[in-house]
Amino acid sequence: MSHNQSQAPDLTAWQVLASLGDSLMIVDRNYRVIWSKEPLMEDDQSVVGQRCYRVFADRDTPCQDSCPVRPVFADGRPHSVERHMVTSAGEEIWREAKAYPIVDRRGVVAFAARISFDITHRKKRQSRLEGELMTLERSLEEINRLQLGEMPFQPEGAVPLTRRELEVLRLTAQGLSKPRIAHVLGISQNTVKRHVVNIFNKLGVNDRAQAAVWAARQGLV
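FYI, in the working numbering the residues of the sequence shown are 330 to 550.
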């Protein structure tokens, strides 16, 4: 615990709050750690007495960016930051750190509580949803162009589709899956995948929906 017990805050509530995050660290205005719960460390109490910027960033001076603690002491309000990291194994992870003020009896911010969370799953899900939304928007744009009687985008000088590629495109536009297309045409799934890639490249489209719109405009379905 703190080397200065007389100035330490009542930690009872913060010990309870620690259960909500992966870690909890309380630092004083000199950025010195006075209490810590860091499950990822072999000995979380080993950081007590150290500067937080030394613990988290291996720095000799306070962090200027990506630090939620510093602005808490400046304005007395909660702050949060997100950090993207790549592990030694090449795995991408995201963490969110939130810092909250702890005031003394005079109402002055004397300490800051820093809580961190692993938000990797949420960020990956958000990225996936954003990608799906972009695909949907592009597809809707193509559909609207079709409704207005406009020709879908075709790259200048595009290579014509082969007979087999036209067959794959027609079945794709009808909603058949790759395994089903392979069964209907009597070819392997890998061959179907190769045809689909070629079709996308030749038409300048990015997904099945856009390819289906192109096929409909050409009267293939």
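All C-beta atoms, glycine included, are put in the ideal place defined by N, C-alpha and C.
Inset, instruction - Grab me the residues of Q393's own chain with a C-beta within less than 7 Å of its C-beta, minus the 5 sequence neighbours each way, in chain order. - result: none
Inset, instruction - Answer yes or no: do A428 and V398 have a C-beta to C-beta separation smaller than 8 Å? - result: yes
Inset, instruction - Kindly indicate which three-state DSSP category R434 falls into: helix, strand or coil? - result: coil
Legend entry - Contact with chain D by N359, beta-carbon distance below 8 Å: Looking for chain D here will not work: only one protein chain is present.
Legend entry - Inter-residue spacing [alpha-carbon to alpha-carbon] between K452 and R492: 42 Å
Inset, instruction - Count the C-beta pairs between the stretch 419-426 and the stretch 444-459 that are closer than 8 Å, then say yes if the count reaches three, no if not. - result: yes
Legend entry - Simplified DSSP assignment, three categories, for D447: strand
Inset, instruction - Could you tell me which residues DSSP pairs with D357 in its beta bridges? - result: F440
Inset, instruction - Say yes only if the C-beta of G378 is nearer than 7 Å to one or more non-hydrogen atoms of the ligand MN, and no if none qualify. - result: You won't find the ligand MN in this model; it holds no ligand whatsoever.
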